[in-house]
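These notes are about the structure you will find just below.
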Amino acid sequence: MTRKSLPRHATVASIAIVAVGIALSGCGASGSSSTNANGVTNLKMIMEPGPEADSMSKLVDAFNSGQGAKDKIHVEIDQLSRTDTFAKEAALMSTQSSDYDIYRTTSYLVAQHAPYLEPLTLNGDNYFKAPVESLQVDGKQYGIPLDPSVHLLYYRTDLIDQMLKDAPTYEKISQDVLGKKLEPKSPDQWTWDDYIASAAYFTKKYNPNSPTPYGTQLQAKNLLYNAMVWDDVLWGLGGNWLNSAGQPDLTSTAAQNAVNVYRTVYTKGLTAADSDQAEFPETEAALGSGNAAFAVQWNAGYAQLNDASKSPKTAGKIGIAPVPGGKTHVHALSLGVNKYGKHTSQAQEFIKYLDDPATMGSYVGDGGIASMPKALSTKTDPNTAALNKALSGGSFSEPALPKAFDVYTALANDLSAAWVGQGDVSSALAKANADVAKLAGK
Amino acid sequence: MTAPSSLTTRPTIEGRKGSRRRRPANRGPARWILSAPLLVFLALFVAFPIVYGVQSALTSKTLLDPTPTWVGLGNFGAVLTDAGFWHSALFTLLYTVVVTGFELAFGFGLALLFDKDFPGKKFLLSAVILPIMIAPALMGIMFRLLLNSNIGLLPGFLHSIGVDVPLLGAGTVVPMLMGLDVLQWTPFTFLLFHAALQSVPGELHEAAQLDRANYPRFVVSILIPLMVPTIFIAGFLRAIDAFRTFDTINVLTSGGPGDNTTTLSIYIYKILSAGNFGTASAAALIVALIMLPLVPVVVRRITRGAV
């Protein structure tokens with residue numbers, strides 16, 4: 001009897017198939033949404049780790065044990081990475097994945113995410129206007145507004161009091177730096193010229209008696225979030241990304257002036273020279289260390305500045321005013337329903353649970369920030385009051401272009417060098433204008 | 001007396017050919033079985049990504065329009081006509097040349113220093129190689145704190161001795177980034193040179209002393225020529241790594257101000273973050289093509305050294 005062996009190619013193919021099988025067995029999505037034997041639907045939701053997820057976890061626990069138990073829906077939060085949540089979501093969305101039922105979205109990404117999200121029906125009257133509108137695309141709501149972010153002017157009350165009593169020095173410095181004599185004013189009345197003059201007053205280079213080395217801290221790093229801060233100056237000076245005809249408008253006089261505000265602050269040395277690499281944490285450091293007297297900062301910055309254990313130099317001495325010029329960018333973190341999810345109706349039920357002032361009141365109680373005036377007014381600390389005021393009037397959301405995220409990135413890329421005195425302002429704005437035209441399809 | 005022929009005679013070509021002919025008959029399946037893990041690995045992690053990357057580069061696929069549309073070489077054209085790409089390519093090239101040069105010079109200098117005996121050598125050796133143990137992204141975060149003018153240790157120290165230099169200011173950020181790369185990766189070249197110096201025969205030192213050659217002359221005329229293969233490998237490895245630098249610079253500057261510190265990797269990452277998958281793939285392939293001609297040169301050099 002002769003021994004019959006497998007043909008060589010068959011052997012190789014078998015080994016290859018087994019190896020590929022083993023390799024691919026680890027590639028599947030773990031624990032995707034499902035319905036168990038008791039008929040309870042398990043919804044999976046994406047969030048980034050941080051205070052928002054902590055507050056939402058408490059809300060989800062309450063839902064799972066109350067409304068969810070009744071409706072046989074159980075929500076589970078999957079916390080991805082603080083920095084890369086949206087990049088990971090982009091990969092999931094591009095493959096039309098059904099792994100998650102509820103996606104994290106936000107005002108500046110919602111237009112990009114909209115093709116993968118189901119429209120929502122919200123009770124719009126319960127919300128501040130700007131956050132709810134910032135999550136609409138072509139008139140449809142794709143995200144429920146949560147945790148709104150605005151900018152506020154945080155200043156040292158003890159130092160500003162001192163400045164208000166020293167008009168002669170202030171007038172001289174404003175004449176030297178701006179070429180015009182200005183009087184010291186309370187921060188809630190500042191224009192951008194007042195901001196520059198006050199920054200000069202608190203800069204040792206211009207005022208040897210200044211208690212701080214620099215007046216302010218710019219956030220001028222090449223970062224899309226810093227473009228949002230600069231937009232405050234642009235809008236405050238009457239500018240916009242687009243003009244009334246919907247055409248790019250970044251070569252306007254307002255845009256020139258807005259770049260020049262940053263450029264003056266940086267090149268005159270009214271902010272630390274490494275402001276060109278500064279963002280949120282650096283601004284906290286500048287104020288908290290006592291190196292700057294005031295700065296435009298995200299509303300999330302107040303807690304640390306007013307915490308005596310973290311910022312002993314500023315705790316109890318932080319005043320809050322609107323951004324000079326009276327306009328602040330607003331965006332809201334949000335949740336949307338995955339159009340390709342397996343349990344869209346249950347996901348809509350959970351969104352409906354969130355779309356309620358009482359639920360959002362609990363969210364605020366758990367440390368979250370609501371986009372509903374009624375829910376937000378349950379907290380009366382000065383920062384929440386200032387946020388409430390900014391959201392009620394003076395806040396704006398940039399045009400909801402499908403490529404808004406790219407526009408912010410392009411603005412930071414094209415203008416951040418001009419902000420810190422490098423290159424020519426007109427050329428930088430012309431480049432930004434061309435990029436906005438391309439991205440907006442104009 | 002002559003040595004036995006079996007010890008002195010090399011196998012004939014016929015003999016080697018004969019042995020080669022026999023191997024496939026006996027070892028063919030085993031060869032495939034043993035190679036299978038590698039082949040599967042290469043297919044999954046090299047061939048598939050390359051084919052997928054080429055396919056992506058030839059199509060337009062974005063988050064807004066996820067259905068791939070054939071655009072031929074359009075994405076390549078978009079990248080190659082983008083001034084930002086060329087700016088980042090030039091910056092990357094400058095960065096690579098400068099940091100590799102310094103890392104080779106400092107690494108070699110340190111290796112010469114550690115070739116001598118001195119007190120505390122072992123402790124210092126551990127201290128010197130410490131930076132390569134740190135993840136580049138963590139290095140970026142550490143130096144973001146250390147160099148911060150408000151709370152940073154280094155600006156604080158410099159201020160205390162009367163020196164106020166903005167370490168991450170618009171005018172100093174490029175040399176500072178290069179300095180950080182040199183700080184982190186000089187230990188790598190040092191280790192390669194240190195290992196190579198251990199293999200230099202002691203007789204050469206003695207011969208040089210007999211010929212009254214001083215130490216600098218010994219280094220220039222004997223050690224450096226002997227170290228050329230190591231210098232080549234160290235330079236190549238560092239240049240490849242520096243060319244694709246991402247983590248530290250992205251954490252510290254995000255490529256700014258403007259695109260002054262944008263490397264090619266950051267350039268590609270920004271396109272990808274915006275959800276433009278086709279363009280990002282094209283940019284990545286162009287960068288791979290830039291690097292490709294170096295591979296045969298290095299392989300030839302390495303194999304020549306090995307034979």
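Going line by line, the protein sequences match chains A and B.
Taking the UniProt record's numbering, I'd label the letters of the first sequence as residues 1 to 442.
Taking the UniProt record's numbering, I'd label the letters of the second sequence as residues 1 to 307.
Heads up, the beta-carbon is just placed ideally off N, CA and C, and yes, glycines get one too.
In this text, all values refer to a predicted model and were calculated from it rather than measured experimentally.
- Within the stretch 320-396 of chain A, the complete beta strand (DSSP E) segments at least 3 residues long are 328-338, listed from N- to C-terminus.
- Chain order gives no chain A residues near B/L58, where near means a beta carbon separation below 8 Å; the closest approach is about 17 Å.
- In this structure, the alpha-carbon of B/N75 lies about 10 Å from that of B/S56.
- Pairwise C-beta distances place the stretch 314-334 of chain A in contact with the stretch 138-153 of chain A, as three or more of them are shorter than 8 Å.
- Around the beta-carbon of A/Q112, 16 or more other beta-carbon atoms lie within 10 Å, marking it buried.
- Restricting attention to beta strand (DSSP E) runs no shorter than 3 residues, the stretch 219-265 of chain B encloses none.
- When C-beta distances to chain B are compared with 7 Å, the residues of the stretch 68-95 of chain A below that value are A87, A90, M93, S94, in chain order.
- Annotated as distal: A/G139 and A/V132, with beta-carbon spacing of 8 Å or more.
- Within its own chain, the residues whose Cβ lies closer than 8 Å to the Cβ of A/S426, once the five positions on either side in sequence are excluded, are T251, Q256, listed in chain order.
- Assignment of A/F294 by DSSP, reduced to helix, strand and coil, places it in the strand class.
- The beta carbon of A/N413 sits closer than 8 Å to some beta carbon of chain B.
- Straight-line measurement puts the Cα of A/I318 at about 44 Å from the Cα of B/R244.
- Remark: fewer than three beta-carbon pairs, one from each stretch, lie closer than 8 Å, so the stretch 304-322 of chain A and the stretch 155-168 of chain B are not flagged as touching.
- In the DSSP annotation of this structure, the continuous segment of the alpha helix (DSSP H) that includes A/Y195 starts and ends at 192-201.
- Under the criterion of beta carbons closer than 8 Å, A/Q217 and A/T271 qualify as touching, at roughly 5 Å.
- For the stretch 279-311 of chain A, the set of residues with a beta-carbon nearer than 7 Å to any beta-carbon of chain B comprises E282, A285, A286, S289, N291, in chain order.
- Sorting A/P402, A/A434, A/L391 by C-alpha distance to the C-alpha of A/P145 places A/L391 at the top.
- If you check the CB distance, A/I46 and A/L80 come in under 8 Å.
- One Cα belongs to A/L117, the other to B/A288, and the distance between them is close to 36 Å.
- With at least 16 other beta carbons inside 10 angstroms of its own, B/G256 counts as buried.
- Approximately 7 Å separates the beta-carbon atoms of B/G107 and B/A234; this is inside 8 Å, confirming the contact.
- Note on geometry: alpha-carbon atoms of B/G152 and B/L146 lie some 4 Å from one another.
- The C-alpha of B/V128 is placed about 16 Å away from the C-alpha of B/A135.
- Here B/S126 is exposed: its Cβ has fewer than 16 other Cβ atoms, across all protein chains shown, within 10 Å.
- Per DSSP, B/M133 lies in no beta strand (DSSP E) and is assigned neither H nor E.
- Around A/T191, no beta-carbon contact reaches into chain B at under 8 Å, the shortest distance being about 26 Å.
- Straight-line spacing of the CA atoms in A/Y262 and A/D99 works out to 44 Å.
- Leaving aside the five residues that flank A/K389 on each side, the residues in its chain whose CB is nearer than 8 Å to its CB run, in chain order, P322.
- The secondary-structure analysis by DSSP pairs A/K44 across a beta bridge with A/E76.
- Distance from the CA atom of A/L182 to the CA atom of A/Y201, rounded to whole angstroms, is 11 Å.
- For A/E52, same chain residues with a beta-carbon under 8 Å away, outside a window of 5 residues either side, are L146, D147, L333, G368 in chain order.
- A/T264 is not a Cβ neighbour of A/I160, given a cutoff of 8 Å.
- In the three-state scheme derived from DSSP, where H, G and I count as helix and E and B as strand, B/R300 is classed as helix.
- Spanning the alpha carbons of A/N413 and A/N222 requires a straight line of approximately 6 Å.
- Taking C-beta separations shorter than 8 Å and ignoring five residues to either side along the sequence, the partners of B/R217 in its chain run A208, following chain order.
- DSSP, reduced to helix, strand and coil, places A/S244 outside both helices and strands of the structure shown, so it counts as coil.
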